[in-house]
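Residue numbers (this note's numbering): 3 to 439. Written out below as structure tokens is the structure these notes cover.
Listed below in structure tokens is the structure:
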């Protein structure tokens, strides 16, 4: 081979390398700092092996911060993110506003396998605007050893009276064991979410059919009063600062007798690598108040969506399809075990005999199926949503109301004053938005 040919071949090789480098696409993914999302970041070698031309930059944030950042970015067309982790609240609203790209996947993805309750919440006019990474309801996670020591048994379908009695029996402040851990951190997706679901089970609602706020009613007063009494008597200190992650850590470290929160937490509290009480956890349906048909279980999914302004839609879609596919579920099962796969999104998962062996699988599915976002309360309401109200204004209103409830838990205001402030600010904002004349 002469020198000229070698030179030409070398030039071609360099050109090919340059072309490959230019073809590589980097997408930015904004996500929440929950355990399932962190786990996905550790499994990216599988994605890169299949798609060497795509790289992913992660921006991982605490829940309240994530919501604020992605909302600001998409509303202002900031273009910081190519994939956003958003909830069941945002997906239909943003899809309807044209802020998200509709998602169409290959037949192998099997959209029809998505659980109807989860898929329905992400669909507008027959188009899917976000792909669910995991779905959840809420349920009771409790210490079986502490219940046994107290001489009590947790019913599968407990009432709030059962919960109060169990919380009292399990509390041992001298040993830093608190009978009940509940969200107290302010935020529409933090304490306002929990208290909205709890209020449903007391017969309360955010609005009547004329969009008039209902915080001045007896049902909301009973809800907030009982919550505060339980948390003050049986909850951990500093509870007004505790959201999902803080309560998860408390439970895993053996400080909670009960925790009522997202079903997705079950895999973390039963994982012996992370939880000191992994072999002593039981599960029950979120409670209801005796005589009230609604339980305090919500419906939610963390989803991956593509903002309409991205310049990298194809690469973003490729990533979303991989991260929410059946193959990803199989990958997690292989690497981490069936108990750690993202739950609550696909019918096929709950038909899998291996997953059926997971101790919380059946209760998770029952809780998801029991939540009805189109009929979330005892009395009729003009809105959709169990632990939120699916209107654009709710994000601001819900956080402001959550701040009042958190202040009541911290002891800086009373339950009556918190509810009066919630009523006044919600009424003001609903009038401003034109719902009420």
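Note that beta-carbon positions come from the ideal geometry of N, C-alpha and C, so glycine has one too.
- Task: To the nearest angstrom, report how far apart residue 255 and residue 241 are at their CA atoms.
- Result: Here residue 255 corresponds to residue number 253 of the chain shown, with the count starting at 1. Here residue 241 corresponds to residue number 239 of the chain shown, with the count starting at 1. Near 16 Å, if we compare the C-alpha coordinates of residue 241 and residue 255.
- Going by C-alpha distance, which of 141, 38, 26 is nearest residue 326? As a position in the chain shown, residue 326 is number 324, starting the count at 1. Of the listed residues, the one whose Cα sits closest to residue 326 is 38.
- residue 176, enclosing beta strand (DSSP E) - first and last residue: By 1-based counting over the chain shown, the position of residue 176 is 174. No beta strand (DSSP E) holds residue 176; DSSP gives it neither H nor E.
- Item | residue 213 - DSSP class collapsed to helix/strand/coil | Within the chain shown, the letter at position 211 stands for residue 213. Reduced to three states, the DSSP call for residue 213 is coil.
- Reduced DSSP category for residue 306 - H, G, I as helix; E, B as strand; rest coil: Taking the chain shown and counting its residues from 1, the one referred to as residue 306 is at position 304. In this structure, DSSP gives residue 306 an extended state, which the three-state scheme calls strand.
- Are the Cβ atoms of residue 355 and residue 266 separated by less than 8 Å? The residue you call residue 355 lines up with position 353 of the chain shown. The residue you call residue 266 lines up with position 264 of the chain shown. Taking C-beta atoms as the reference points, residue 355 and residue 266 fail to come closer than 8 Å.
- Query: Should the region 185–199 be regarded as contacting the region 349–367, the criterion being three or more beta carbon pairs within less than 8 Å?
  - Reply: The region 185–199 makes no contact with the region 349–367; the number of CB pairs closer than 8 Å stays below 3.
- Task: Pull up the DSSP beta-bridge partners for residue 130, would you.
- Result: Stepping through the chain shown from its first residue, residue 130 is reached at position 128. Among the bridge pairs identified by DSSP, residue 130 is matched with 125.
- Message: Give me, in chain order, the residues of the same chain whose beta-carbon lies closer than 7 Å to that of residue 437; leave out the 5 immediate sequence neighbours on both sides.
- Response: Walking along the chain shown from the start, residue 437 turns up at place 435. Counting only Cβ-Cβ distances below 7 Å, and skipping sequence neighbours, we find 213.
- Task: Take the Cβ of residue 234 as the centre, count every other Cβ of all protein chains shown within 10 Å, and call the residue buried at 16 or more, exposed below.
- Result: By one-based count along the chain shown, residue 234 stands at place 232. Of the residues assessed, residue 234 falls on the exposed side of the cut-off, its CB having fewer than 16 other CB atoms within 10 angstroms.
- Roughly how many angstroms separate the alpha carbons of residue 125 and residue 381, rounded to a whole number? On the chain shown, residue 125 is found 123 positions in, with the first residue counted as 1. On the chain shown, residue 381 is found 379 positions in, with the first residue counted as 1. Spanning the alpha carbons of residue 125 and residue 381 requires a straight line of approximately 26 Å.
- Task: Name the two residues that bound the continuous alpha helix (DSSP H) containing residue 334.
- Result: Translated into positions along the chain shown, residue 334 becomes position 332. Residue range 328–338 is occupied by the alpha helix (DSSP H) that includes residue 334.
- Task: For the region 71–80 and the region 281–295, state whether three or more C-beta atom pairs, one from each stretch, are separated by less than 8 Å.
- Result: Touching, no.
- Query: In whole angstroms, what is the alpha-carbon distance linking residue 129 and residue 181?
  - Reply: The residue given as residue 129 occupies position 127 in the chain shown. The residue given as residue 181 occupies position 179 in the chain shown. Residue 129 and residue 181 have their alpha carbons spaced roughly 44 Å apart.
- Task: Please go through the same chain and pick out, in chain order, the residues whose beta-carbon is closer than 6 Å to the beta-carbon of residue 218, but skip the five residues on each side of it.
- Result: Taking the chain shown and counting its residues from 1, the one referred to as residue 218 is at position 216. In its chain, beyond the 5 residues on either side, 425 have a beta carbon closer than 6 Å to the beta carbon of residue 218.
- Among 111, 108, 109, 96, which has the Cα closest to the Cα of residue 127? Start at 1 with the first residue of the chain shown, and residue 127 comes out as number 125. Scanning 111, 108, 109, 96 for the CA closest to the CA of residue 127 turns up 96.
- So is residue 175 buried or exposed if we call it buried at 16+ other beta carbons inside 10 Å? On the chain shown, residue 175 is found 173 positions in, with the first residue counted as 1. For residue 175, the number of other beta carbons within 10 angstroms of its own is below 16, and it is reported as exposed.
- For residue 226 and residue 410, believed in contact at Cβ under 8 Å, the rounded distance: For the purposes of this step, residue 410 is taken as residue 408 along the chain shown, with counting starting at 1. For the purposes of this step, residue 226 is taken as residue 224 along the chain shown, with counting starting at 1. The C-beta distance from residue 410 to residue 226 rounds to 7 Å, short enough to fall under 8 Å.
- For residue 403, the first and last residue of its enclosing alpha helix (DSSP H): Residue 403 sits at position 401 when you count from the first residue of the chain shown. For residue 403, the enclosing alpha helix (DSSP H) begins and ends at 396–412.
- Message: Suppose you measure from the CA of residue 208 to the CA of residue 42; what does that come to, to the nearest Å?
- Response: To locate residue 208, count along the chain shown from 1; it is residue 206. To locate residue 42, count along the chain shown from 1; it is residue 40. The C-alpha of residue 208 lies about 36 Å from the C-alpha of residue 42.
- Give the DSSP bridge partners of residue 89, in chain order. Taking the first residue of the chain shown as position 1, residue 89 is located at position 87. In DSSP, residue 89 forms a bridge with 304.
- Message: Quick check on this structure: which residue in 52, 81, 32 has the alpha carbon closest to the alpha carbon of residue 64?
- Response: Here residue 64 refers to the residue found at position 62 of the chain shown. That would be 32, whose Cα lies nearest to the Cα of residue 64.
- Task: Starting from the C-beta of residue 271, find all residues in its chain whose C-beta is less than 8 Å away, skip the five residues before and the five after it, and write them out in chain order.
- Result: Translated into the one-based positions of the chain shown, residue 271 becomes position 269. Closer than 8 Å at the Cβ level, and outside the excluded window around residue 271, lie 143, 250, 253, 254, 261, 277, 279, 280, 283.
- Item | Assigned exposure category for residue 149 - 16 Cβ within 10 Å defines buried | As a working mapping, residue 149 is identified with position 147 in the chain shown. That one is buried.
- Item | 3-residue-minimum beta strand (DSSP E) runs that sit fully inside the region 20–99, ordered along the chain | Segments of the beta strand (DSSP E) lying fully in the region 20–99: 27–34, 56–63, 85–89.
- Option nearest residue 229 by Cα separation, candidates 40, 412, 157: Translated into positions along the chain shown, residue 229 becomes position 227. In terms of CA proximity to residue 229, 412 leads the group 40, 412, 157.
- Quick one, are the C-beta atoms of residue 305 and residue 88 less than 8 Å apart? Here residue 305 is taken as the residue at index 303 of the chain shown, counted from 1. Here residue 88 is taken as the residue at index 86 of the chain shown, counted from 1. Yes.
- Item | Separation of residue 343 from residue 24, as counted between CA atoms | Numbered from its first residue, the chain shown carries residue 24 at position 22. Numbered from its first residue, the chain shown carries residue 343 at position 341. At residue 24 the pLDDT is 43, less than 50, meaning the model places this residue with poor confidence and gives no usable figure here.
- Message: Is there a C-beta anywhere in chain C that falls below 8 Å from the one on residue 323?
- Response: Protein chain content of the structure displayed is limited to a single chain, and chain C is not contained in it.
- Between which two residues does the alpha helix (DSSP H) containing residue 370 stretch? Within the chain shown, numbered from 1, the residue matching residue 370 stands at position 368. That run of the alpha helix (DSSP H) goes 363–372.
- Query: Just the Cα atoms here: how many angstroms apart are residue 10 and residue 113?
  - Reply: Position 8 of the chain shown, counted from the first residue, corresponds to residue 10. Position 111 of the chain shown, counted from the first residue, corresponds to residue 113. Residue placement at residue 10 cannot be trusted, given a pLDDT of 43 that sits under 50; the coordinates are not used to answer.
- Message: Whole angstroms are fine: how far does the CA of residue 106 sit from the CA of residue 80?
- Response: Here the question's residue 80 lines up with position 78 in the chain shown. Here the question's residue 106 lines up with position 104 in the chain shown. C-alpha separation (whole angstroms): 24 Å.
- Task: Compute the Euclidean distance between the alpha carbons of residue 421 and residue 379, then round it to the nearest angstrom.
- Result: Taking the chain shown and counting its residues from 1, one reaches residue 421 at position 419. Taking the chain shown and counting its residues from 1, one reaches residue 379 at position 377. Rounded to whole angstroms, residue 421 to residue 379 spans 19 Å at the Cα level.
- Query: By Cβ distance, which residues of its chain are closer than 6 Å to residue 351, with the 5 residues on each side in sequence left out?
  - Reply: The residue labelled residue 351 in the question sits at position 349 within the chain shown. So the list reads 357, once near-sequence residues are dropped.
- Message: On a Cα-Cα basis, can you pick out the residue from 104, 318, 206, 192 that is closest to residue 294?
- Response: For this step, residue 294 is matched to residue 292 along the chain shown. Nearest Cα to residue 294 within the set 104, 318, 206, 192: 206.
- Where the beta strand (DSSP E) containing residue 145 begins and where it ends: Here residue 145 refers to the residue found at position 143 of the chain shown. The continuous beta strand (DSSP E) containing residue 145 extends over residues 140–145.
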